[in-house]
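2 protein chains.
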Amino acid sequence: MVELSQRDKKILKAVVVDYIKSGEPVGSRTVSKKYMTNLSSATIRNVMADLEDLGYLYQPHTSAGRVPTEKGLRFYLESLMEIEKLGKRERDAIRRAYLDLTGGVEEILKKTSQVLSNLCSQAAVVLWPRLTATKFKRIEFVRLYRNHVLTILVAESGIVHHRLVTYDEDIAQEELDKLSNYLNDILKDMTLGEVKNRILEEMKEEKALFDQIYNRAMQIMKKALQEKAEEAELYIEGQANLLDNPEFADIERLKRILRAFEDKSRLLKLLDMTLGSSEGVQIILGPETETQELNEISLVSSTYRKGEVVLGVVGVIGPIRMDYPKIVPIVDYTAQVLSELMENPENMDTSRS
Amino acid sequence: MVELSQRDKKILKAVVVDYIKSGEPVGSRTVSKKYMTNLSSATIRNVMADLEDLGYLYQPHTSAGRVPTEKGLRFYLESLMEIEKLGKRERDAIRRAYLDLTGGVEEILKKTSQVLSNLCSQAAVVLWPRLTATKFKRIEFVRLYRNHVLTILVAESGIVHHRLVTYDEDIAQEELDKLSNYLNDILKDMTLGEVKNRILEEMKEEKALFDQIYNRAMQIMKKALQEKAEEAELYIEGQANLLDNPEFADIERLKRILRAFEDKSRLLKLLDMTLGSSEGVQIILGPETETQELNEISLVSSTYRKGEVVLGVVGVIGPIRMDYPKIVPIVDYTAQVLSELMENPENMDTSRS
DNA sequence: ATTAGCACTATACATTACAGAGTGCTAACA
DNA sequence: TGTTAGCACTCTGTAATGTATAGTGCTAAT
């Protein structure tokens with residue numbers, strides 16, 4: 000593998016930057032004039048031919064300029080990109096967006112997706128806090144009708160999960176209240192991950208066989224906690240923004256992408272990939288996922304946290320050609336602000352005054 | 000206003016039907032050949048010219064065929080359309096879709112939007128049961144942090160509304176439990192509309208000034224019931240289906256429509272219009288709403304009910320040129336099935352066996 | 001009242017021509 | 001030896017042109 004010289008990198012960078020701006024293949028003349036006035040277009044041409052041989056650039060046809068390949072883009076993202084610094088004005092705009100919210104965490108998350116999609120002029124996506132990461136606050140059982148119990152699970156963050164479970168006996172509301180009281184008592188201050196484990200564990204023990212109340216409580220609770228794969232655990236916002244990108248003028252392409260959005264499971268998988276990652280912004284290029292449907296888009300994302308615990312993911316989805324230097328710091332900062340809000344929800348109110 | 004002769008109507012109908020099928024202006028020759036073999040194209044031409052003068056048809060340019068105007072379409076829908084009968088196969092398909100659902104009403108509604116968008120190959124929309132129409136089942140208060148109470152309202156249908164309210168005093172969880180117990184007691188068996196009225200009414204009375212528990216309960220309950228205008232009270236499904244319509248090949252048009260969908264308030268208003276309507280399917284053509292954003296689409300909708308009480312609306316959204324004879328009965332039947340399910344949720348389980 | 005026939009018109013489509021942008025290569029230059 | 005000017009070549013996009021097609025309105029004949 001040949002090392003790129005300083006000059007090669009500079010030219011590669013110029014091509015990527017210009018391509019990101021214009022969306023069109025960039026020729027040697029453009030690079031020479033706009034980015035490297037000390038070199039002639041002929042020289043640039045030679046270098047670009049080399050870069051093409053090395054797989055960083057690609058030529059749509061003989062007499063066209065060059066377009067970065069996935070490899071070229073990735074190299075740019077890793078080593079060449081100069082992230083813009085976020086201006087005070089933008090930082091304020093992001094913070095201010097949260098000021099007049101009165102509702103709970105859901106509202107904050109929804110607002111976040113709006114902020115991101117507006118500021119970046121692309122689609123934005125927000126993955127909800129994972130159940131396992133948040134703390135248990137309260138459980139409530141409501142008998143709706145025969146054999147059917149509505150379970151309402153409240154996380155410490157204020158997020159509410161509810162679920163209708165069936166139980167093979169019909170339990171009166173009075174007894175359900177006892178069960179929930181019991182559970183509220185013993186599950187206090189655990190994370191939902193711990194809750195789940197504990198329940199699975201204790202159901203194995205003999206005690207379950209003899210203590211009916213205990214047994215029922217555990218059974219219902221277990222059902223309440225079952226992850227429903229279909230559940231919409233994410234917001235997508237600003238899909239219409241995607242239409243502003245010239246690369247999506249092609250209807251067929253657009254259709255593929257919108258369909259991918261409707262079936263949220265694929266996106267979930269994508270976002271899950273970034274959940275485990277370390278701090279900071281991550282960029283996933285569509286082709287890297289090897290998922291046909293996401294081939295033409297890319298994701299700029301970051302996790303948000305409460306203290307050290309990763310809760311979820313926020314990100315921006317757009318075409319592979321995105322204005323990364325602008326978007327990366329926005330996602331970064333938004334995720335930070337969101338983490339602060341998660342840490343201390345009362346902030347929101349005090350900052351209003 | 001001149002009355003249309005039988006023949007005029009037949010020709011108008013032919014134009015509309017053919018236009019709905021093909022999406023292109025239909026000429027006299029086509030009508031003569033495909034729909035009225037007993038008449039020559041010249042005769043048809045004369046009639047069509049008359050229909051144009053009367054405002055039922057419109058000619059994009061001198062040498063093109065005719066396209067129905069809004070007036071023409073409306074006339075067709077009211078008096079000429081022959082609704083197709085829904086085959087047993089389709090009826091079964093709709094019923095079967097609900098069989099394997101385990102969750103509550105939300106899941107049913109979501110499924111409904113999927114069913115409609117699939118069967119009609121357009122976007123589908125489902126308006127949730129209005130708060131006021133459903134019966135109160137239970138209220139729960141959870142203290143999240145200082146001055147912040149999470150209120151959880153369960154309707155008899157199993158729909159859960161939750162909301163974070165602030166209260167100017169910090170109330171301990173023990174007291175909140177008392178308050179909710181009190182409310183659960185006195186609000187039993189009322190509809191949420193009645194609940195709201197009763198609370199507003201009683202807060203005026205003097206009792207509120209003296210009885211602190213009573214007072215607090217009412218205050219918080221009132222806040223919990225406040226309709227949040229922004230709340231997403233509807234599902235939209237199958238937006239990508241719209242891309243299959245040739246009329247939406249134009250990106251600009253598509254953009255306008257997707258933006259209209261993102262701002263749900265406009266759609267809500269549209270659906271509200273049909274809420275008050277009598278039984279059966281209603282069709283609203285975009286231009287009739289006089290809302291710029293909805294100008295190019297139309298809505299086929301029906302209410303769904305529990306007994307005599309109208310709960311919400313289901314519908315199909317597509318281009319003004321839609322296959323109404325096919326879609327109307329689908330919407331109609333789906334709304335019926337949905338009403339049955341609302342009436343008696345246990346149906347779902349029994350039919351599974 | 002209906003229709004055949006004809007002149008007329010607008011669109012859609014294919015063909016052609018041409019300008020523009022870009023390349024690779026060669027030869028000259030510092 | 002690295003850089004550059006110059007030139008022939010290639011591909012695309014666009015504008016201009018001609019032609020086929022589908023449709024109309026009108027008139028005169030049935």
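First to last, the protein sequences are chains A and B.
Mind the numbering: the first sequence is residues 0 to 352 in numbering that gives the first Met the number 0, read in order.
Mind the numbering: the second sequence is residues 0 to 352 in numbering that gives the first Met the number 0, read in order.
From the three backbone atoms N, C-alpha and C, an ideal C-beta is built for every residue, glycine too.
The structure presented is a predicted model; accordingly, all values stated were derived computationally and were not measured.
Please list, in chain order, the chain A residues whose beta carbon lies closer than 8 Å to that of residue i.
| i | result |
| --- | --- |
| B/L257 | Q238, A239 and L242 |
Taking residue i as the query, report the chain A residues whose CB atoms sit under 7 Å from its CB, ordered along the chain.
| i | result |
| --- | --- |
| B/I170 | Per Cβ cutoff of 7 Å: no residues; B/I170 is ~15 Å from chain A at best. |
| B/I250 | L242 and A248 |
Going along chain B in order, which residues have a C-beta closer than 8 Å to the C-beta of residue i?
| i | result |
| --- | --- |
| A/V159 | L149, I151, V159 and H161 |
Taking 8 Å as the CB-CB limit, is residue i close to chain A?
| i | result |
| --- | --- |
| B/G102 | yes |
| B/I316 | no |
| B/E261 | yes |
| B/I185 | no |
| B/I19 | no |
| B/L72 | no |
Kindly list, in the order they appear in chain B, the residues whose Cβ is closer than 7 Å to that of residue i.
| i | result |
| --- | --- |
| A/P344 | Y144 |
| A/R137 | V141 |
Which bits of chain A does residue i rub up against, with CB to CB less than 9 Å?
| i | result |
| --- | --- |
| B/L175 | Going along chain A, no residue has its Cβ under 9 Å from B/L175, so there is no contact; the nearest lies around 11 Å. |
| B/E246 | Under the 9 Å cutoff, chain A gives no residues; its nearest Cβ is about 12 Å from B/E246. |
In angstroms with no decimal places, state the Cα-to-Cα distance between residue i and residue j.
| i | j | result |
| --- | --- | --- |
| B/V104 | B/A239 | 25 Å |
| B/L56 | A/L233 | 46 Å |
| B/A228 | B/R320 | In this prediction, B/A228 scores a pLDDT of 47, lower than 50, which makes its location untrustworthy; the coordinate-derived value is nonetheless stated afterwards. Rounded to the nearest angstrom, the two C-alpha atoms are 32 Å apart. |
| A/F135 | B/R88 | 47 Å |
| A/A248 | A/P286 | 20 Å |
| A/Q5 | A/L267 | 40 Å |
| A/D167 | A/I219 | 10 Å |
| B/D7 | B/R73 | 15 Å |
| B/V124 | B/L115 | 8 Å |
| B/L337 | A/Y323 | 47 Å |
| B/Y34 | B/L50 | 17 Å |
| B/I256 | A/S27 | 41 Å |
| B/L163 | A/E2 | 58 Å |
| B/V159 | A/L126 | 21 Å |
| A/G77 | A/T68 | In the sequence under discussion, the amino acid at residue 77 of chain A is Glu, which differs from the Gly named in the question. In a straight line, the C-alpha of A/E77 is about 14 Å away from that of A/T68. |
| B/E246 | A/Q335 | 43 Å |
| A/A154 | B/A92 | 39 Å |
| A/N37 | A/I43 | 11 Å |
| B/K221 | B/A96 | 38 Å |
Under the criterion of a Cβ to heavy atom distance below 7 Å, does residue i qualify as lining the ligand SAM?
| i | result |
| --- | --- |
| A/L130 | Although the ligand SAM was asked about, the structure shown includes no ligands whatsoever. |
Would residue i count as contacting chain B if we go by Cβ distances under 8 Å?
| i | result |
| --- | --- |
| A/K254 | yes |
| A/A228 | Legend: pLDDT at A/A228 = 46, less than 50; position of this residue unreliable, value from coordinates given subsequently. So no, A/A228 is outside the interface. |
For residue i, list the residues DSSP reports as bridge partners.
| i | result |
| --- | --- |
| B/R65 | B/V25 |
| A/N152 | Here residue 152 of chain A turns out to be Leu, not Asn, going by the sequence shown. According to DSSP, A/L152 bridges with A/I138 and A/H160. |
| B/H147 | B/Y144 and B/T165 |
| A/V280 | A/S301 |
| A/G192 | In DSSP, A/G192 forms no bridge with anything. |
| A/V313 | A/V125 and A/S301 |
| B/T236 | Reading off the sequence, residue 236 of chain B comes out as Glu, not Thr. B/E236 pairs with B/A123. |
| A/L56 | A/P67 |
| B/V308 | B/K305 |
contact_flag[the stretch 255–268 of chain A, the stretch 299–313 of chain A] where n(CB pairs < 8 Å) is 3 or more: As far as the Cβ criterion goes, the stretch 255–268 of chain A does not touch the stretch 299–313 of chain A, which means the pair count is below three.
Validate contact between the stretch 195–206 of chain A and the stretch 133–151 of chain A using beta carbons, cut 8 Å, 3 pairs: Flag = no, the stretch 195–206 of chain A and the stretch 133–151 of chain A do not touch.
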